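In order, the protein sequences belong to chains G and X. Under numbering that gives the first Met the number 0, the first residue of the first sequence is numbered 0, with each subsequent residue one higher. Under numbering that gives the first Met the number 0, the first residue of the second sequence is numbered 0, with each subsequent residue one higher. Glycine included, each C-beta is placed from N, C-alpha and C at the ideal position. For clarity, every value in this text was computed on a predicted model and none was experimentally measured.
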Amino acid sequence: MTTILEARDLTKSYPLGSTVVEALRGVSLSVEAGEFVALMGPSGSGKSTLLQVLGGLDRPTSGEVILEGATISRLSDDQATRLRRDRTGFVFQSFNLIPLMDAWENVALPFTIAGEDPGRGEFRERIRDAIALVDLTGKEHHKPDQLSAGEQQRVAIARALVTRPALLFADEPTGNLDYTTGTEILDALWRSCVGRGQTIVLVTHDSKAAAYADRVLVIGDGRVRETIELGRRESHDATPLIARLAQLGL
Amino acid sequence: MSLTGLAWRSLRARPLRAFLSTVGIALGVAVLFAGLATNAGIDASVDSTVRGLLGRADLRVAALGEGGLSAETVRTIGSTPGIAVAAPALERRTYLQAVVPGAVGAALPPPVTVLGVDPATEALLRDLPLIAGSQLADPDESSALITQGLAEQDGLHLGSPVTVQGAGDPVTYRVVGILAGDGPITGAFGRTMVVPLRTAQAAFGQTGVTRVDIGLAESADTSAVSRDLESRLVTEPYVLSAPRDLAVTLRASTADFQATTALIAAIALFVGAFLIFNTLSMTVGERIREVGLLRAAGATRGQVTWFMLAQALVLGVVGSLLGLAIGALLAAGMVAYVGTIGSVTLARPALPPEALIVGFLVGLMVTLAAAIEPARRAGRIQPVEALKTRLDLPSGQRARLRWLAVVFVAVALVGVIVWPRGADGAGVIQALVVYAILLIATMLIPFVLPATARMAGVPFAILFRFEERLARSSVVRDKSRTALTLGGLTVGLAMIVALGGVGQHARAAAGAWIADVIPGELVMTSIRPIGTEEGVAEALSAAVPGVARVSPIGTFDIALKGVRTDAAAVVGADMAADGRLTFTAGDRAAALAALDAGGAAIVPAGLAASLGLSVGQTIALPTADGRVLELRIAGIVERSLPGSGGEAVLVGWGDTTNALGLAGADAFAVRFAPDAPPAARDALRTAANAYALEIVPLDRIGGAISDALARIFGLFDALAIVAVLIATLGVVNTLTMNVIERVREIGLLRAVGMTRRQVWRSVAVEAGILGLAGAILGIVVGLAVGAAMVLLAGGRLDVGAGVPWPTVGLTLVLGVVVATLAAAYPAYLASRLSIVRAVRYD
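1) Applying the 10 Å Cβ sphere with the 16-neighbour rule, what's the burial state of X/Ser-142?
2) Hey, quick one: how far does the beta strand (DSSP E) through X/Ile-551 stretch, first residue to last?
3) Suppose only complete runs of 4+ residues qualify. What are the alpha helix (DSSP H) ranges in the region 303 to 388 of chain X, listed by chain order?
4) Using only the alpha-carbon positions, how far apart do G/Leu-9 and X/Leu-15 sit?
5) Please report how far the alpha carbon of G/Cys-192 lies from the alpha carbon of G/Leu-167, in whole angstroms.
6) I want to see whether chain X comes within less than 7 Å of G/Pro-109, judged by CB atoms only; does it?
7) By the 7 Å beta-carbon criterion, what residues does the region 39 to 62 of chain G contribute toward chain X?
8) How long is the line joining the alpha carbons of X/Arg-210 and X/Val-60, rounded to whole angstroms?
9) Evaluate contact between the region 808 to 821 of chain X and the region 516 to 533 of chain X, counting only Cβ atoms and requiring at least three cross-stretch pairs below 8 Å.
10) Look at the alpha carbon of X/Arg-379 and the alpha carbon of G/Pro-98, and state the distance between them as a whole number of angstroms.
11) In the DSSP assignment, what are the bridge partners of X/Met-753?
12) If you draw a straight line from the alpha carbon of G/Glu-115 to that of G/Ala-107, how long is it in whole angstroms?
13) With the cut-off set at 7 Å, would you say X/Phe-671 and X/Ala-664 are in Cβ contact?
14) Looking at the structure shown, is X/Leu-390 part of a helix, part of a strand, or coil, going by DSSP?
15) Which class does G/Gly-68 belong to by DSSP, given the choice of helix, strand or coil?
16) Would X/Glu-537 be called buried (16 or more neighbouring beta carbons within 10 Å of its own) or exposed?
17) Step through the CB atoms of chain G and report whether any lies within less than 7 Å of the CB of X/Leu-747.
18) Quick check: what's the CA-CA separation for X/Leu-123 versus X/Leu-52?
19) If we count the other Cβ atoms within 10 Å of its Cβ and call it buried at 16 or more, is X/Leu-363 buried or exposed?
20) By DSSP's criteria, X/Glu-90 is part of a beta bridge. Which residues make up the other side?
21) What do you get for G/Tyr-13, buried or exposed, if any count of 16 or more other CB atoms within 10 angstroms of its CB means buried?
22) In chain order, what residues of the same chain lie with their CB nearer than 6 Å to the CB of X/Ala-17, ignoring the 5 residues before and after it?
23) X/Gly-167: buried (16+ other C-beta within 10 angstroms of its C-beta) or exposed?
24) With a 10 Å radius around its C-beta and 16 neighbouring C-beta atoms as the bar for buried, classify X/Leu-412 as buried or exposed.
25) With 7 Å set as the bound, which would you pick, yes or no: does the beta-carbon of G/Asn-95 sit closer than that to a beta-carbon of chain X?
26) Pairing CB atoms from the region 582 to 600 of chain X with CB atoms from the region 251 to 270 of chain X, are three or more of them under 8 Å?
27) Out of curiosity, what's the CA-to-CA distance linking G/Ser-27 and G/Ile-3?
28) Could you please give me the residues that DSSP links to G/Leu-170 through a beta bridge?
29) Residues of the region 67 to 82 of chain G in Cβ contact with chain A at a cutoff of 9 Å, in chain order, please.
30) Of the choices X/Ala-567, X/Thr-304, X/Ser-540, X/Ile-184, whose alpha-carbon is the least far from that of X/Ile-287?
31) For the region 751 to 768 of chain X, which residues have a beta carbon sitting closer than 8 Å to at least one beta carbon of chain G?
32) Could you tell me the distance, in whole angstroms, from the CA atom of G/Ala-165 to the CA atom of G/Gly-16?
33) Taking the Cβ atom as the reference point for each residue, do X/Val-695 and X/Val-549 lie within a distance shorter than 7 Å?
34) If we cut at 7 Å on Cβ distances, does X/Phe-407 have a partner in chain G?
35) Starting from the beta carbon of X/Ile-834, find every residue of chain G whose beta carbon is closer than 7 Å, and list them in chain order.
36) Do we get a CB-CB distance below 7 Å when we pair G/Leu-99 with the residues of chain X?
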């Protein structure tokens, strides 16, 4: 297996009033191609900060992030932006769709930003694929306010996948959704991982979501406290994971 | 902490918006105050001009005939009961050194106006302030006071000899005093010399005087004395006038300027109101949660409303005070730039306390009026709004344009009320019509917005497709806010287009006017009347090859229905042959023939309308021998020859010389034959010099009018640009708000791969679309407003009609450039957003 993402001794601190908050205190990890990794931890543990630094949305105070061999923490803003656009996808807790664009246009956004014509054959094919993957065929021309919360999040996933990124980052994608809808989202992510070999890094504090992953990194106090290997699984029953977490005293 | 204190903090928390609003109000108030101060300055200048012309005289008897008023008449005036002082004076234009007849190519020096006064009586009615030397004392001594300008231009000083070209031999005076400023005569370009009356009469071979200024005894009643004078003065034609009449005439010549200034000031204020309204509406939208919390914590609706109004009050007070200061500077600049309006030379703007108070109060009231609706909207916010996670503005909470219509009408009413003088009825109607067109256009903006934005987006879409798409959706996101922003911009730009159109029309009309009434391509002017018997016209025609026609024109004054009116003696046959004059009533050929036959007059349309004259009526004029000359109105013309105060009544030479006592022509219009040799003009110049005639080409007359108009319209444009500037502040405000509202969206786009430059560009394109849309709407509305202004001023659209292309081009550029400049800060703000914080933004 090839390593697609590597983090070396990441720290991240930022000032808060007169004090300095140390969100990351030396995190090292690596993600293999096709792997589904979950970052778990209580709120304030630093898991979202870690994801943002890994995804190049934010820069580490020290340490390096290497994505497909490129050290993104050393790239210029424009270079990092382009890498993000072409090689990664993001799904956020709040769906973050552009309200004035319909589902198809929202999915096409990465191509449009890159100055491509999303109506062109190859791109159109990819957009159709991504929409089909999240089960939204037929709803391409619905505006976000005409879609349910789950559907909106699936549009966001399609948008993140449409460029066939090396890595998909998802930050609490089910945080705003009810149980059933959340399951649909996780199923969609899992399908892309199993069916297409999509590498995924998922941040969650929900053990039910983390149970989809091959490996769970437990983050606490700005460090990786524990790695739980679950392996590729067909059943996403969270019981084994909960049992393991209990064993660890978490 | 009190709610008022919270309001103050709320302003300080948003320094940019508070600053923009304050500057917006300040600029609006500045234009208003500058207008008031300039107009007060015009009034003061009118008063000082009248004082300069008439001194402390209560009445003036001015001669109509060339022979002037005889010594007998002067004595009759002096002996009329109630008259304490009668000061006679003789006014003549001449040259200082002897003109050598026939000197080839020698240019004539500028003429000098000689005013002969009786030193004893003149001093009782008029002060002649000196900067050096002493006043005239001996009525028979050849002493002269000369103006400062004349002394500087001709290198004269105290004790210098000055030789005046009189009727016979040159007469030499000695300079005994230098007069301050331009001296007692306006229109003499500061080249005046004052000498004892008797010496002037001797020099010019006159026995009469040009005018007698009258000072009344303290107990005398002006109208009683006037009636008495009218019954006593029956032997010579004259016009009796009072300072008030002169002031009225002078004010009338500045009325258009004052009305237009008022209109632009009202529009600038209105655009300022847009800004305030929009700013406070945004504040309400942005602070729904905070206001909801205040309500949940027990604040009443009234308290919340006050919380918003208090912010407006602070903005209004600070902005208005700042505006008064800027306005004073602006007024000084306006006066220095324009210099002369109509027949009035401006000295300096006045800063009357009323204008200070009006400027301040109007600024404050407009601010508060614009704030009332957003404040009430804030008051209606429910406490539960504070608890909602997503802050979607319900449609009821958005800014309402309807309210702006109310502010608009309020500003219009204030405008009508605070502008009691200067603007006559027509000016007020014109202003209200313009205002109404702008109001309707503003109310229609939300409906035409999507289509206009799409149109304006086209050029940007070619270069930046994606940015244009994003920008356009941002433009139409909050239609009422965009409409408000666009409304201000449209109104400001529309005024520029409208003034461009009106200015183009005025210049074309001025040129067309001169060409329409003068039977020639150049005019030769004389400083002395040249009688028909001298045969100058014939001699010039004979001496210069290629001259088709030399037509004499004599200008004089008549008393028409008791009002001093300009008149001109012309040759009807020349007018007919040259195809001049446009008749609106009466038969052209018959009317011009009747003029030469005698007993007929042709009246300009404007005068006919104001005096209720029509073809076939007769007008009665006092004649040189004390009788009355009856002239039948043979025709009415659209425009007539320009006189000193208005357009002239045209009379035939026969009547003028015989009955009205005009000594001769003071100008000749010359028309060359189509096949005239190139040397004809030089030959004419040589021949003209022999008769001391000065050649003035028509385009120079038209050019002078054009220049004066260009200066005045340049000023109006500058004022309209201030309105655009205010609107630009609104653009900054709106774009900033759009960025703040879209923080999450921009963060997402950045996360998905949009570069900083792309974000920057999308805000700049948004501004460009706003600017271009404003310019497109402004041009459409401005053309309509311009046409309305021309029509309401009695002009015709076919003269100088057509689109003022240079102004239209300028407006397009101005709209896009100012809006894009306005985008600089918001675009920077957007491109620097932290993605991490943006996607978390709530």
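In short, the structure shows the following:
1) One-based indexing of the second sequence puts residue 142 of chain X at position 143. It counts as buried.
2) Numbered from its first residue, the second sequence carries residue 551 of chain X at position 552. Correcting the residue identity first, residue 551 of chain X is Pro in this sequence and not Ile. Counting along the chain, the beta strand (DSSP E) containing X/Pro-551 begins and ends at 546 to 559.
3) 352 to 378
4) In the first sequence, counting from the first residue as 1, residue 9 of chain G sits at position 10. In the second sequence, counting from the first residue as 1, residue 15 of chain X sits at position 16. Going by the C-alpha atoms only, they are around 38 Å apart.
5) By one-based count along the first sequence, residue 192 of chain G stands at place 193. By one-based count along the first sequence, residue 167 of chain G stands at place 168. Rounded to whole angstroms, G/Cys-192 to G/Leu-167 spans 10 Å at the Cα level.
6) Residue 109 of chain G sits at position 110 when you count from the first residue of the first sequence. G/Pro-109 counts as touching chain X.
7) Gln-51, Leu-56, Asp-57
8) Sequence index remark: in the second sequence, residue 210 of chain X carries index 211 (1-based). Sequence index remark: in the second sequence, residue 60 of chain X carries index 61 (1-based). So the alpha carbons of these two residues sit roughly 6 Å apart.
9) no
10) Within the second sequence, the letter at position 380 stands for residue 379 of chain X. Within the first sequence, the letter at position 99 stands for residue 98 of chain G. Computed Cα separation, rounded: 27 Å.
11) The residue you call residue 753 of chain X lines up with position 754 of the second sequence. Paired residues: none, contrary to the question.
12) Numbered from its first residue, the first sequence carries residue 115 of chain G at position 116. Numbered from its first residue, the first sequence carries residue 107 of chain G at position 108. Spanning the two alpha carbons is a distance of roughly 10 Å.
13) As a working note, residue 671 of chain X is residue 672 in the second sequence. As a working note, residue 664 of chain X is residue 665 in the second sequence. No, these two residues do not count as a Cβ contact at 7 Å.
14) Your numbering for residue 390 of chain X matches position 391 in the second sequence. Residue confidence is low: X/Leu-390 scores 46 on pLDDT, short of 50, so the model does not pin down where it sits. Its coordinate-derived value is still stated next. In the structure shown, X/Leu-390 sits in coil (DSSP, three-state: anything other than H, G, I, E or B).
15) Here residue 68 of chain G refers to the residue found at position 69 of the first sequence. If DSSP states are grouped into helix, strand and coil, G/Gly-68 belongs with coil.
16) If you number the second sequence from 1, residue 537 of chain X lands on position 538. The residue in question, X/Glu-537, is exposed, as its Cβ has fewer than 16 Cβ neighbours within 10 Å.
17) For the purposes of this step, residue 747 of chain X is taken as the residue at position 748 of the second sequence. By this cut-off, X/Leu-747 is an interface position.
18) Locating residue 123 of chain X in the second sequence gives position 124, counting from the first residue. Locating residue 52 of chain X in the second sequence gives position 53, counting from the first residue. When rounded, the distance between both Cα atoms is 14 Å.
19) Walking along the second sequence from the start, residue 363 of chain X turns up at place 364. Looking at its Cβ environment, which holds 16 or more other Cβ atoms inside 10 Å, X/Leu-363 is buried.
20) Within the second sequence, numbered from 1, the residue matching residue 90 of chain X stands at position 91. X/Glu-90 is bridged to X/Leu-114.
21) Numbered from its first residue, the first sequence carries residue 13 of chain G at position 14. That one is exposed.
22) Taking the first residue of the second sequence as position 1, residue 17 of chain X is located at position 18. Same-chain partners within the cutoff: Leu-10.
23) In the second sequence, residue 167 of chain X corresponds to position 168, counting from 1. X/Gly-167 comes out exposed.
24) Locating residue 412 of chain X in the second sequence gives position 413, counting from the first residue. Result: exposed.
25) Locating residue 95 of chain G in the first sequence gives position 96, counting from the first residue. Yes - at least one Cβ of chain X is within 7 Å of the one on G/Asn-95.
26) no
27) Looking up residue 27 of chain G in the first sequence gives position 28. Looking up residue 3 of chain G in the first sequence gives position 4. Cα to Cα, G/Ser-27 sits roughly 14 Å from G/Ile-3.
28) Stepping through the first sequence from its first residue, residue 170 of chain G is reached at position 171. It should be pointed out that residue 170 of chain G corresponds to Asp in this sequence rather than to Leu. According to DSSP, G/Asp-170 bridges with G/Val-202.
29) Here chain A cannot be found, since the structure's protein chains are G and X.
30) Along the second sequence, one-based indexing puts residue 287 of chain X at 288. The candidate whose alpha carbon is nearest that of X/Ile-287 is X/Thr-304.
31) Val-751, Gly-752, Met-753, Thr-754, Arg-755, Arg-756, Gln-757
32) Looking up residue 165 of chain G in the first sequence gives position 166. Looking up residue 16 of chain G in the first sequence gives position 17. Cα to Cα, the separation comes out at about 38 Å.
33) Taking the first residue of the second sequence as 1, we reach residue 695 of chain X at position 696. Taking the first residue of the second sequence as 1, we reach residue 549 of chain X at position 550. Not a contact, by the Cβ cut-off of 7 Å.
34) As a working note, residue 407 of chain X is residue 408 in the second sequence. No, X/Phe-407 lies away from the interface with chain G (no Cβ there is under 7 Å from its Cβ).
35) The sequence position of residue 834 of chain X within the second sequence is 835, counting from 1. In chain order: Leu-56.
36) Position 100 of the first sequence, counted from the start, is the residue given in the question as residue 99 of chain G. Judged by the 7 Å Cβ criterion, G/Leu-99 is in contact with chain X.
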